[in-house]
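Please read the structure below before turning to the comments.
Numbering (our numbering), first residue to last: 480 to 621.
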């Protein structure tokens, strides 16, 4: 995915299913497609993620790998995005410089360990009940 002066790969990040206490990390490649150095800022929207580094300078035609990790403690389905914005390198960080931006969608599902164990137990019970019913039906026919 590319905006004027900035690009990102992949164009979306899907972590899939993750357990509550289990971490997950993906890499995001940020590319300065412009002919001038840019200051890059990554802003997380709608989900709890750890972005490292969150702010850096990027020379013309240069790329950098950014680590994206899940920081969500509660089970559920999550959708958000990472907004990658640029402004000319050397601008006053407090000022509003004109720059480019790219939004990368992020999605993941956090599963609670208890839910997974319960699902296994219920599945096992259903199989056992089906087996007992099958045996009872066979004995009834004889």
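Glycine residues also receive a C-beta, built at the ideal position from the N, C-alpha and C atoms.
All values derive from a computational prediction rather than experimental measurement.
Leaving out five residues on either side along the sequence, give the residues of the same chain with a beta carbon under 6 Å from the beta carbon of residue 493.
586
Please state the DSSP three-state secondary structure of residue 484.
Coil.
So, at 6 Å on beta carbons, what are the nonlocal neighbours of residue 531 in its own chain, with the 5 sequence-adjacent residues on each side left out?
546
Assuming the contact rule is C-beta atoms closer than 8 Å, residue 496 and residue 600 should be a hit. Round their C-beta distance to whole Å, please.
About 19 Å; that fails the 8 Å criterion.
Per-residue DSSP class, three states only, for residue 526
coil
Three-state secondary structure (DSSP) at residue 602?
Helix.
With a cut-off of 8 Å, do at least 3 Cβ pairs link the stretch 512-530 to the stretch 554-562?
yes
Unbroken beta strand (DSSP E) runs of length 3 or more, entirely within the stretch 502-558: which are they?
504-511, 517-524, 528-531, 534-537, 542-549
Taking the beta carbon of residue 513 as the centre, do at least 16 other beta carbons fall within 10 Å, making it buried, or is it exposed?
Its Cβ being crowded by 16 or more others within 10 Å, residue 513 is buried.
Among the candidates 536, 611, 501, whose CA atom is the shortest distance from the CA of residue 568?
When 536, 611, 501 are compared, the shortest CA-CA separation from residue 568 is found for 536.
Compare the C-alpha of residue 489 against each of 590, 550, 620, 544 and name the closest.
544
I'd like to check one pair, residue 486 with residue 519: are the Cβ atoms closer than 9 Å?
no
Coil, strand or helix - residue 499 by DSSP:
If DSSP states are grouped into helix, strand and coil, residue 499 belongs with coil.
Is residue 507 buried or exposed, if buried means 16 or more other CB atoms sit within 10 Å of its CB?
buried
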